[in-house]
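Visitor: Can you read through this structure? Questions will come right after.
Numbering (the working numbering), first residue to last: 17 to 349.
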């Protein structure tokens, strides 16, 4: 039986799957006529409509009204409309696939139970549909100030979770007394103290890494801070990045600390407003509507959320500087 591969909406190869599973995805709407397919023997990736004859689809854009036998011995017959994945009735007749040589089980007479599926139907896992990448439109790159506002939000969230973990560890394991011994000359402070030191040094990279890697490689392509200001992370092709690239991007943030945040300032001078960590991971940070079918919704201005965050950030910096100045004056009196 032919094993097929297809490119999903993020241009990621999926498969192998059998012909009936491929046709099942098509009738669900997961695959379109322009979806790229490949199997052993093809010269390259080919659109689905160009392989209609091989799949047994005389006209892939039309809803079939009679059974059609495929090259692998499967038949297509119309069935009752099904509900779509957003809970609304389907507007067209879906296709049911089953072996052409077998006796079709009546929908009113399932083999085991009132809702049992046909024993010939291949198992299909639910598919998360990501926003397709659309090229050719205008792309608004995220500016330095908007990215700074997103970083401020994300830093607050990660910091809050980090200290919550430390506080929870202190409460659960009774580490209050251990904290006092950590700063003393007593070399032994027990297993609890060792555990606390491990939490202090490991919790931050663990929380930060999971947060940035999982969020930026998700279907939203953005952390909560980036979502708030309306930006996202993409690959050089405008598509969603994978976990490996997201991890490389997070790890390369170390360059910002080594260079005293100069790596972030690089975004002020590069053509596509890439920071040093973006260059390392081959990523862009763009407006959330970039590379979509609605590029006109992109915003070149900062936006209300970004402005509010930046004002709060500046206020906190001024308060900190003022407190240091006041403390210095008081100490000199």
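Where a beta carbon is used, it is the ideal one built from N, C-alpha and C, also for glycine.
What number of angstroms, rounded off, separates the C-alpha of residue 63 from the C-alpha of residue 30?
Guide: The straight-line gap from Cα to Cα measures roughly 15 Å.
Visitor: Residue 186 to residue 211, Cα distance in whole Å?
Guide: The straight-line gap from Cα to Cα measures roughly 10 Å.
Visitor: What is the DSSP secondary structure of residue 148, reduced to helix, strand or coil?
Guide: Three-state DSSP puts residue 148 in coil, outside helix and strand.
Visitor: Output yes or no for whether 8 Å exceeds the beta carbon distance between residue 248 and residue 321.
Guide: No, they are not a contact pair.
Visitor: Count the other C-beta atoms from every protein chain shown that fall within 10 angstroms of the C-beta of residue 239, then say buried if there are 16 or more, exposed otherwise.
Guide: Looking at its Cβ environment, which holds 16 or more other Cβ atoms inside 10 Å, residue 239 is buried.
Visitor: Is residue 266 helix, strand or coil by DSSP?
Guide: Here residue 266 sits in helix by DSSP.
Visitor: Out of 256, 71 and 340, state which residue places its alpha-carbon closest to the alpha-carbon of residue 38.
Guide: For residue 38, the nearest C-alpha among the options comes from 71.
Visitor: According to DSSP, residue 236 sits in a beta bridge with which residue or residues?
Guide: Answer is none; residue 236 lacks a bridge partner.
Visitor: Does DSSP put residue 329 in a helix, a strand or coil?
Guide: Looking at residue 329 - three-state DSSP - the assignment turns out to be helix.
Visitor: Would you identify the three-state DSSP class for residue 59, choosing helix, strand or coil?
Guide: Of the three classes helix, strand and coil, the one that applies to residue 59 here is coil, per DSSP.
Visitor: Buried or exposed for residue 87, please, with buried defined as at least 16 other CB atoms from any protein chain shown within 10 angstroms of its CB.
Guide: Residue placement at residue 87 is poorly supported in this model, since its pLDDT is 45, which falls under 50; the coordinates are not used for a value here.
Visitor: For residue 35, which option in 20, 27 and 44 has the closest C-alpha, if you only look at C-alpha atoms?
Guide: Per the Cα distances, 20.
Visitor: Three or more C-beta pairs under 8 Å: does that hold for the region 150-159 against the region 256-272?
Guide: The region 150-159 is not in contact with the region 256-272.
Visitor: Buried or exposed: where does residue 224 fall if 16 or more other Cβ atoms within 10 Å of its Cβ makes it buried?
Guide: Counting Cβ neighbours within 10 Å, residue 224 comes out buried, since at least 16 surround it.
Visitor: Quick one, are the C-beta atoms of residue 323 and residue 244 less than 8 Å apart?
Guide: Cβ distance not < 8 Å, so residue 323 and residue 244 don't count as in contact.
Visitor: Helix, strand or coil for residue 319? Go by DSSP, reduced to three states.
Guide: Coil.
Visitor: Can you tell me which of the three DSSP states residue 347 falls into?
Guide: Residue 347 falls in the helix class under three-state DSSP.
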